[in-house]
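> Start counting the sequence shown at 1; every next residue gets the next number (our numbering). Structure provided below as structure tokens; questions to follow.
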Amino acid sequence: MVIKYSIKTALNGLKTHKSRSVLTVLGIVIGITAIILVMSLGQGAQDLILGQIKGIGARTIATVPGRQPKGPTDFISMFTDSLKPADLLALSQKKNVPHADGIMPVVFGSQSAVYENNTYRPTIFGATELFSKIYNIYPEEGRIFTNDEVKSYSDVVVIGSKVNIQLNGNGSLLNQKIKINGRNFKVIGIFPKQGQSTFLNFDEAAFIPYTTAQQYVFGKKHFDRIVVQADTEANVAQTVEDIKITLRNNHNITDPTKDDFFVETQAQAMATVGTITSVLTLFLAAVAAISLVVGGIGIMNIMLVSVTERTREIGLRKALGATEKDILVQFLLEAIILTALGGAIGIILGATLSFIISLVLTKFLAVNWVFSFPVGAAALGLGVAAFVGLVFGIYPARQASKKSPIEALRYE
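As structure tokens, then:
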């Protein structure tokens, strides 16, 4: 029997039992759809996060207090007060960090902001005027506070668009005063609507001089971050080493494994985030792939039922000259066709749902979520679907091929 005739016979067998074929395909469709959906959304999330990290600038270096976390239990060590004003002073000296183009201490936390009868709780960031340059964001109305205002502990604030809306509706709070931690702050700038960023939502943030934040809002002397911007990308690695040496000298640390701080560049952050998102995506895809195994078992069960129901057909074909190999090939092809069809439908459905979700996320969450079609996952899905059909179709196909034609023709 030529392969062309075997395929035709397999297709006719599937058409004869359409309902059963559709139900069999459904398990594979769900599995492949889930895999494509997870892989596509995972890639989209990774692209979004990496794009936002990259947007901060390759020259930006963040110094974080505490030991660098290597596991979930290590994150508590990040909340320490190891970065002090003496460290900021040392890092600001050109002889210690010669390639530093700018340095910015950062403190942050959450406090209620009040305007008239309206209250909103934004994230409060204490920084210097350099934050606009580093994050490449400038007020739509008003201005950024100046270095003199930082030095003089001025009560000025630049707020995000959502903070403005929550406190004053559609009106502008520019040049108005809002209360933060019971203290009056003059609104000197309002950011344009930005949407959710990876690490910071500017729409829900308020920026004040770090000196004011430390003295009057948070009441702390240490810093939550010290951000350094290198003069060129080529000097980032050297600047990182200069920062480490300076802080170790300041903290009397001779063993690098005892560092009570860690330094992160954007390249390192991108590599870390890329690894985490890739592993998470693969893990979720593996979980989704379990449904493929379930679908494969369903195919095996259906095919076994089909073999029993078509016993007389098998006997008749054998009586007319069909060999065991012909019967084996026919039933194997039926299983493979079912899974391949389910795989193709699953890829189309998964890609369609991913595209729709990307549009919804872009529109309603105001994020630049780019649809990504996982070509590798699609090819793998089709291959796995065909493999599942082959593996789970072998046993029913062998059972069919071994039937005696005389006994099969007697079957009622």
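From the three backbone atoms N, C-alpha and C, an ideal C-beta is built for every residue, glycine too.
(1) Taking the DSSP output, what are the residues bridged to Ala45?
(2) Mark Arg59 as exposed unless 16 or more other C-beta atoms lie within 10 angstroms of its C-beta, in which case mark it buried.
(3) What number of angstroms, rounded off, separates the C-alpha of Glu241 from the C-alpha of Phe261?
(4) List the endpoints of the continuous alpha helix (DSSP H) containing Val156.
(5) If you reduce the DSSP assignment to three classes, tell me which class Ala238 lands in.
(6) Just reading off the beta strand (DSSP E) that Asp101 is part of, what are its end residues?
(7) Arg121: which of Thr128, Ser110, Ile243 and Ser21 sits nearest, CA to CA?
(8) Helix, strand or coil for Arg248? Go by DSSP, reduced to three states.
(9) Using CA coordinates, which residue listed in Gly126, Lys95, Ile137 and Asn164 is at the minimum distance from Tyr153?
(10) Below 8 Å, how does it come out for the segment 88 to 96 and the segment 203 to 211: are there three or more Cβ pairs, yes or no?
(11) How would you call Lys18, buried or exposed, if buried means at least 16 neighbouring beta carbons within 10 angstroms?
(12) Relative to the C-alpha of Glu233, which candidate in His99, Ile245 and Gly171 has its C-alpha closest?
(13) From Ile235 to Glu149, what does the alpha carbon distance come to, in whole angstroms?
(14) Please say whether Phe145 and Asp224 have beta carbons closer to each other than 8 Å?
(15) Look at Phe202 and Gly160 and say whether their C-beta atoms are less than 8 Å apart.
(16) Report the CB separation of Pro85 from Lys221 in whole angstroms; it is logged as a contact under 8 Å.
(17) Are the beta-carbon atoms of Ile165 and Tyr115 separated by less than 8 Å?
(18) Pop quiz: Thr339 and Val388 are said to be a contact at Cβ under 8 Å. What is the actual Cβ separation, rounded to whole angstroms?
(19) Which first and last residues belong to the beta strand (DSSP E) in which Asn97 is found?
(20) For Ile137 and Arg143, what's the separation of their Cα atoms in angstroms?
(21) Roughly how far, in whole angstroms, is the beta-carbon of Ala377 from the beta-carbon of Ile36, given that I think they are within contact range, below 8 Å?
(22) One question on the structure: do Val158 and Gln176 come within less than 8 Å of each other, judged by their Cβ atoms?
Put simply:
(1) Note: Ala45 sits in no beta bridge, so no partner.
(2) buried
(3) 13 Å
(4) Looking at the DSSP string, Val156 is not in any alpha helix (DSSP H); the run it does join, the beta strand (DSSP E), is Val156 to Ile159.
(5) According to the sequence displayed, residue 238 carries Gln and not Ala. Residue state, collapsed to three classes: helix.
(6) Ala100 to Ser110
(7) Ser110
(8) helix
(9) Gly126
(10) no
(11) exposed
(12) His99
(13) First, the residue type needs correcting, since residue 235 is Asn and not Ile in the sequence shown. If I take the Cα positions, the gap works out to 31 Å.
(14) no
(15) yes
(16) 7 Å
(17) no
(18) 5 Å
(19) Sequence check: residue 97 is Val here, not Asn. Per DSSP, Val97 belongs to no beta strand (DSSP E) and is neither H nor E.
(20) 11 Å
(21) 6 Å
(22) no
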